[in-house]
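As structure tokens, the structure follows; a few thoughts come after it.
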Amino acid sequence: MKPIISRRDFLRILKSVGVAGLMTYLTSYYTLEFEPSWLDVSQIQIPLPNLSKSFHGYRILQISDIHMGGWMNRSHFEDVLEHIREQNPDLIVITGDFVIGHSWSDELNEAVEDFIEVMTPLASEYKIIGVMGNHDHWTDVVKVRSMLNTAGIICLQNDIHKLTKNSENLYIAGLDDISEGKHRLEEVELKLPQHVKAILLAHEPDYASTSSKSGKFMLQLSGHSHGGQVVIPFLGPPILPRWGRKYPAGLYQIEDMYLYTNRGVGMTSPFVRVNCRPEITVFTLQAV
-18 MKPIISRRDF
-8 LRILKSVGVA
2 GLMTYLTSYY
12 TLEFEPSWLD
22 VSQIQIPLPN
32 LSKSFHGYRI
42 LQISDIHMGG
52 WMNRSHFEDV
62 LEHIREQNPD
72 LIVITGDFVI
82 GHSWSDELNE
92 AVEDFIEVMT
102 PLASEYKIIG
112 VMGNHDHWTD
122 VVKVRSMLNT
132 AGIICLQNDI
142 HKLTKNSENL
152 YIAGLDDISE
162 GKHRLEEVEL
172 KLPQHVKAIL
182 LAHEPDYAST
192 SSKSGKFMLQ
202 LSGHSHGGQV
212 VIPFLGPPIL
222 PRWGRKYPAG
232 LYQIEDMYLY
242 TNRGVGMTSP
252 FVRVNCRPEI
262 TVFTLQAV
């Protein structure tokens, strides 16, 4: 990452605005640009008793809450994908909120074009599976799905996808958005073979309190909360969304299922991050 400011510019700003003004400038820069761009690549090893031996060491990379059309412009998105390529995962999953907004806009048309142009080459290199989030439904879920299809991303809306390695299988299940009432858990469970446990993609993490009771999932991957975007030391995030308050960030074990809540790579308004860096998570699956 380039230096925040050159020495010459630092002295010029200090002279013109004084110490108080400089602190205001640096604080604004940090919260509005530096930390939101400072990607944290988290490496997590997950022991899964029901995992087929062929998938021991299999690496799944998760991102979430891209929110194209807001702070996430083409340049920021290209930086995210550069970090993804450096990890060289076996599978990429995206747990919802590809776009931002409550309705479709001209800005989103441009954002969709950028998404397709930047994402399509990555989807030709890696298998990518995604699920919808609440913003995808608020804007136009048909257009968002078309965007994903054009880019080469597999979109699971209450469906499953089978991965095969050395004649052994790993199932990825995907729920449509929970907060909008589009999820159909029982339908997904019926599509899975008996005595098989899957990895579940679900945008809202707090749904793990329900999905963990089914006994059909060994791991749920979610996003939605952004980790709160602003985290106060010793107090935590002051603001969290509905369906993202119980399990706002990180790894949890609920019943016999693991849950991981990713902090997202994008943001919603206000476009700031404090003590809550954007996140790429790489899971190494362990057959135990």
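Here my numbering is used: the first residue of the sequence shown is -18, the next is one more, and so on. Heads up, the beta-carbon is just placed ideally off N, CA and C, and yes, glycines get one too.
Between residue i and the rest of its own chain, which residues show a CB-CB distance below 6 Å, the 5 nearest in sequence each way excluded?
i: V269; result: P28, P30
i: A92; result: M49, G50
i: V212; result: P218, N256, C257
i: L232; result: Y241
Residues in the same chain with beta-carbon distance under 7 Å from residue i, minus the five sequence neighbours each way, listed in chain order, please.
i: R223; result: S160
i: K197; result: E170, L173, K178, A179
i: T101; result: A132, G133
i: L62; result: V99, L103
Of the choices the options, whose alpha-carbon is the least far from that of residue i?
i: T8; options: D237, R254, L240; result: R254
i: H176; options: N150, F264, D187, D158; result: N150
i: S86; options: K124, S33, S56; result: K124
i: I110; options: V93, V74, L166, R126; result: V74
i: D60; options: W119, E94, G133, P259; result: P259
i: N130; options: K146, L13, E94; result: E94
i: A179; options: D237, T101, E88, E16; result: D237
i: V122; options: D78, D140, Y241, K108; result: D78
i: L166; options: L240, D187, N139, V80; result: N139
i: S206; options: M199, K194, Y241; result: Y241
i: E14; options: V263, L266, F252; result: F252
i: P186; options: G245, T249, T145, L216; result: G245
i: Q267; options: S33, G247, Y152, G209; result: S33
i: M53; options: V99, A189, M113, N69; result: V99
i: G247; options: G82, P70, Q24; result: G82
i: Q234; options: S192, G208, D(-10), K163; result: S192
i: K163; options: F264, Y152, Y188; result: Y188
i: P17; options: I220, Y152, G209, E88; result: G209
i: I270; options: Q24, V112, T12, D(-10); result: The structure shown does not extend to residue 270, since the chain is modelled only from -18 through 269, so no value can be given for it.
i: W119; options: S127, Y152, V80, E168; result: V80
Compute every distance between the C-beta of residue i and the non-hydrogen atoms of the ligand ADP, then say whether any falls below 8 Å.
i: R223; result: The ligand ADP is absent from the structure shown, which contains no ligands of any kind.
Alpha carbon to alpha carbon, how far is residue j from residue i? Give it in angstroms, no decimals.
i: N90; j: S84; result: 12 Å
i: S105; j: G2; result: 48 Å
i: E67; j: D157; result: 30 Å
i: S44; j: I135; result: In the sequence as presented, Ser is not what sits at residue 44; that position holds Ile. So the two alpha carbons sit approximately 15 Å from each other.
i: S148; j: W19; result: 40 Å
i: P214; j: N256; result: 8 Å
i: G155; j: G204; result: 13 Å
i: Q26; j: Y239; result: 11 Å
i: Y107; j: L72; result: 6 Å
i: T76; j: L216; result: 27 Å
i: I97; j: K(-4); result: 45 Å
i: A183; j: T5; result: 39 Å
i: H57; j: L144; result: 31 Å
i: G114; j: R126; result: 11 Å
With DSSP run on the structure shown, which of helix, strand or coil describes residue i?
i: M238; result: strand
i: G24; result: For clarity, residue 24 is Gln in the given sequence; the question names Gly instead. Three-state DSSP puts Q24 in a strand.
i: S84; result: coil
i: N130; result: helix
i: A92; result: helix
i: V125; result: helix
i: D140; result: strand
i: R254; result: coil
i: M53; result: strand
i: I65; result: helix
i: G77; result: coil
i: V169; result: helix
i: R223; result: coil
Closer than 8 Å by C-beta to residue i: which residues in its own chain qualify, once you throw out the five before and the five after it? Chain order, please.
i: H64; result: L20, V22, I261
i: P70; result: R40, I41, L42, Y107, V263
i: K146; result: S33, S35, F36, Y39
i: S195; result: L166, E170
i: S190; result: K227, I235
Spell out whether any CB of chain D is found under 9 Å from the CB atom of residue i.
i: G2; result: Absence of chain D from the displayed structure is noted, only one protein chain being present.
Inset, instruction - State whether the region 36 to 53 contacts the region 217 to 228, with contact taken as three or more CB pairs (one from each stretch) at a distance under 8 Å. - result: Between the region 36 to 53 and the region 217 to 228 there are fewer than three C-beta pairs closer than 8 Å, too few to call the two in contact.
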